[in-house]
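Participant: Can you read through this structure? Questions will come right after.
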Amino acid sequence: MVKRRRRRQLPEPCVVRIESMSHEGRGIAHIDGKTVFVFGAIEGEEVRIQIRKTNRNYDEAVTLDVIQPSELRIVPKCEAYGVCGGCSLQHMHNDEQVAFKQRSLLEMMRHAGIEIDKVMPPLRSHPWGYRRKARLGVKFVRKKDRVLVGFRERNTPFLTDMSRCEVLIPQVGERLRELANLIEDLDARETIPQIEVAADDSRTALVFRHLKPLSKNDTAKLVDYAKRNDVWIQLQPAGPESIVNLYPQQQALYFAPLQNEEINIRFDPVDFTQVNAEINHQMVAQALHFLELNKTDRVLDLFCGLGNFTLPMARRCLKVTGIEGDAPMVKRARQNALAHEIHNSEYFVADLSSPDPDIGWIRQQYDKILLDPPRLGAPEIVQLISSFGARIIVYISCQPASLVRDSKIICDSGYRCTHLGIMDMFPQTAHVESMSVFERSG
Numbered sequence: 329m330v331k332r333r334r335r336r337q338l339p340e341p342c343v344v345r346i347e348s349m350s351h352e353g354r355g356i357a358h359i360d361g362k363t364v365f366v367f368g369a370i371e372g373e374e375v376r377i378q379i380r381k382t383n384r385n386y387d388e389a390v391t392l393d394v395i396q397p398s399e400l401r402i403v404p405k406c407e408a409y410g411v412c413g414g415c416s417l418q419h420m421h422n423d424e425q426v427a428f429k430q431r432s433l434l435e436m437m438r439h440a441g442i443e444i445d446k447v448m449p450p451l452r453s454h455p456w457g458y459r460r461k462a463r464l465g466v467k468f469v470r471k472k473d474r475v476l477v478g479f480r481e482r483n484t485p486f487l488t489d490m491s492r493c494e495v496l497i498p499q500v501g502e503r504l505r506e507l508a509n510l511i512e513d514l515d516a517r518e519t520i521p522q523i524e525v526a527a528d529d530s531r532t533a534l535v536f537r538h539l540k541p542l543s544k545n546d547t548a549k550l551v552d553y554a555k556r557n558d559v560w561i562q563l564q565p566a567g568p569e570s571i572v573n574l575y576p577q578q579q580a581l582y583f584a585p586l587q588n589e590e591i592n593i594r595f596d597p598v599d600f601t602q603v604n605a606e607i608n609h610q611m612v613a614q615a616l617h618f619l620e621l622n623k624t625d626r627v628l629d630l631f632c633g634l635g636n637f638t639l640p641m642a643r644r645c646l647k648v649t650g651i652e653g654d655a656p657m658v659k660r661a662r663q664n665a666l667a668h669e670i671h672n673s674e675y676f677v678a679d680l681s682s683p684d685p686d687i688g689w690i691r692q693q694y695d696k697i698l699l700d701p702p703r704l705g706a707p708e709i710v711q712l713i714s715s716f717g718a719r720i721i722v723y724i725s726c727q728p729a730s731l732v733r734d735s736k737i738i739c740d741s742g743y744r745c746t747h748l749g750i751m752d753m754f755p756q757t758a759h760v761e762s763m764s765v766f767e768r769s770g
């Protein structure tokens with residue numbers, strides 16, 4: 329008979345001084361020489377903590393009480409903060425959040441030996457109600473005899489019991505309890521696991537994932553909710569390809585990559601788009617500035633998606649080649665280009681984690697390159713970067729560690745980092761997005 333391993337008893341709460349901050353926004357303290365990462369603490373504070381998880385080389389803890397607060401500490405706005413896993417920095421003043429992210433990224437780059445000519449001012453937006461894209465979990469809890477709608481708890485698989493979300497657009501963030509009440513009243517309340525949220529400048533779409541067919545009564549209630557709250561509703565019985573419009577029958581969402589320019593990119597709610605429209609406007613404008621495009625430039629746009637950068641660049645150069653791994657998004661990128669009568673852009677489907685060195689576009693020469701890879705970065709395609717002959721490279725990053733690795737490869741390929749700065753795409757979180765500019769040396 330196998331004996332069940334006895335759960336290790338956690339230490340009693342204790343008081344520590346926060347010595348520094350980790351890159352993911354936790355305070356760092358030491359107890360008997362062992363490192364402790366403390367959620368909800370700020371450098372310089374004296375706090376009472378509870379260790380929640382022990383590891384061989386470090387422990388993880390949460391802040392119970394703040395004995396000596398930092399002047400940078402503020403009262404979190406969200407009622408679920410500390411329980412919900414969506415935000416991790418609401419206890420820190422927003423100015424310091426941005427400064428912390430910038431310091432953290434610069435420290436990582438310099439530690440890797442990457443020299444930066446100039447640090448750009450951070451791109452910032454309103455810190456609340458900015459999030460246009462999200463996936464909300466839905467759960468009917470039998471013990472409570474009610475539905476929860478929201479994000480998962482921090483470090484657990486359970487949904488947070490929350491009535492509102494301060495970072496979501498108000499159209500949705502202020503109505504989580506209403507959505508929960510709506511689903512509680514459905515026959516299918518136990519078979520709706522999630523709601524996808526997507527919004528443009530004027531419309532909000534909600535995609536209800538349902539595991540079993542909905543009754544006519546349920547669809548009627550959803551339509552009524554849509555009409556009363558001025559939202560669009562779609563249904564998803566299986567994968568993304570199964571999504572259908574419920575109300576209204578004709579739906580189309582658009583986002584503008586730039587302000588004051590007539591480019592409006594059509595997208596579906598499940599497509600990847602930037603969650604923060606205000607930052608996206610600034611990001612695209614800044615990328616265009618550093619690319620210094622002219623009418624003779626041939627540009628390569630790697631991980632182009634729907635054309636967020638591609639279409640604005642095409643208006644300013646000779647030709648843009650967009651590469652994207654998701655075939656449906658490439659199809660929509662082509663459609664968006666045609667809708668704007670942009671005929672100097674071309675799009676190809678390619679797995680950039682395993683680029684084919686013999687394919688046509690990869691053997692061409694380009695004057696400028698923009699890449700916007702996922703969190704894993706783009707080491708495979710970056711290894712080939714020098715073969716394209718580009719004078720300027722703009723790298724949009726959503727993960728500092730992969731940026732550092734890829735930047736090292738780019739610099740070793742004959743480029744120098746002329747500019748670096750963060751873009752606070754996700755205020756109230758430790759998530760760091762950034763833009764780096766590289767120019768060919770010599």
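Residues 329 to 770 (the working numbering) make up the sequence shown, in order. Just so it is clear, CB atoms sit at the ideal spot from N, CA and C, and this is done for glycine as well. Here the structure is a predicted model, which is why all the values come from computation and not from measurement.
Quick check on DSSP: helix, strand or coil for Trp456?
Facilitator: coil
Participant: For Gln587, does the count of other Cβ atoms within 10 angstroms reach 16, so buried, or fall short, so exposed?
Facilitator: exposed
Participant: Can you look up His609 in the DSSP assignment and give me helix, strand or coil?
Facilitator: helix
Participant: Express the C-alpha separation of Phe468 and Val477 in angstroms, rounding to a whole number.
Facilitator: Cα to Cα, the separation comes out at about 9 Å.
Participant: For Gln693 and Glu669, what's the separation of their Cα atoms in angstroms?
Facilitator: 25 Å
Participant: With a threshold of 16 other CB atoms inside 10 Å of the CB of Val343, please say whether the residue is buried or exposed.
Facilitator: Under this definition Val343 is an exposed residue.
Participant: Hey, how far is the Cα of Ser762 from the Cα of Asp734?
Facilitator: 13 Å
Participant: Would you check if the distance between the CB atom of Ile607 and the CB atom of Asp629 is smaller than 8 Å?
Facilitator: no
Participant: Kindly provide the ranges of any beta strand (DSSP E) runs that are 3 or more residues long and lie completely inside the segment 573-658, ordered along the chain.
Facilitator: Within the segment 573-658, the complete beta strand (DSSP E) segments at least 3 residues long are 581-583, 593-595, 626-630, 647-652, listed from N- to C-terminus.
Participant: Answer yes or no: do Pro755 and Ser453 have a C-beta to C-beta separation smaller than 8 Å?
Facilitator: yes
Participant: Buried or exposed, going by whether 16 or more other CB atoms sit within 10 Å of the CB of Val627?
Facilitator: buried
Participant: Go ahead and label Tyr386 buried or exposed: buried means 16 or more other beta carbons lie within 10 angstroms of its beta carbon, across all protein chains shown.
Facilitator: exposed
Participant: I need the straight-line Cα distance from Ala526 to Pro597, nearest angstrom please.
Facilitator: 5 Å
Participant: Any idea which residues DSSP pairs Met751 with across the strands?
Facilitator: Leu451, Glu761
Participant: How close, in whole Å, do the beta carbons of Lys623 and Leu646 come, if the pair is a contact with beta carbons under 8 Å?
Facilitator: 6 Å
Participant: What is the DSSP secondary structure of Glu767, counted as helix, strand or coil?
Facilitator: strand
Participant: I need the DSSP call for Ser725, collapsed to helix, strand or coil.
Facilitator: strand
Participant: What residue from Cys493, Asp489, Gln711, Val475 has the CA that sits closest to Tyr458's CA?
Facilitator: Cys493
Participant: For Leu616 versus Lys696, is the C-beta spacing smaller than 8 Å?
Facilitator: Contact flag unset, no.
Participant: So, using beta-carbon positions, are Val426 and Gly749 closer together than 8 Å?
Facilitator: no
Participant: Is the separation between the beta-carbon of Leu563 and that of His538 shorter than 8 Å?
Facilitator: yes
Participant: Could you check where the alpha helix (DSSP H) with Ala566 kicks off and where it finishes?
Facilitator: No alpha helix (DSSP H) contains Ala566, which DSSP labels as neither H nor E.
Participant: How long is the line joining the alpha carbons of Val330 and Gln337, rounded to whole angstroms?
Facilitator: Only weak support is given to the placement of Val330: the predicted model assigns it a pLDDT of 47, under 50, and the question is left unresolved by the model.
Participant: Give the single residue among Arg531, Leu712, Thr532, Phe365 whose Cα lies nearest to the Cα of Asp686.
Facilitator: Leu712
Participant: According to DSSP, simplified to helix, strand and coil, what is Phe716?
Facilitator: helix
Participant: Are Leu680 and Gly705 touching if we call contact CB-CB under 8 Å?
Facilitator: no
Participant: Where does Thr484 land, buried or exposed, given buried means 16+ other C-beta within 10 angstroms?
Facilitator: exposed
Participant: Quick one: grab the DSSP three-state call for Lys540.
Facilitator: coil
Participant: Could you name the residues that DSSP lists as bridge partners for Cys298?
Facilitator: The requested residue 298 is not part of the displayed model; the chain covers only 329 to 770.
Participant: Spell out the partners DSSP gives Cys493 in its beta bridges.
Facilitator: Cys493 is not bridged to any residue.
Participant: With Leu698 as the anchor, note down where its beta strand (DSSP E) starts and where it stops.
Facilitator: 696-699
Participant: By the DSSP assignment, the alpha helix (DSSP H) with Leu464 in it spans what residues?
Facilitator: Counting along the chain, Leu464 falls outside any alpha helix (DSSP H), though it belongs to the beta strand (DSSP E) covering 461-469.
Participant: I need the DSSP call for Arg474, collapsed to helix, strand or coil.
Facilitator: Strand at Arg474.
Participant: State buried or exposed for Val390, treating a residue as buried only when at least 16 other CB atoms are found within 10 Å of its CB.
Facilitator: buried
Participant: Quickly, what does DSSP pair Asp393 with across the bridge? List them, please.
Facilitator: Beta bridge pairing from DSSP links Asp393 with Arg376.
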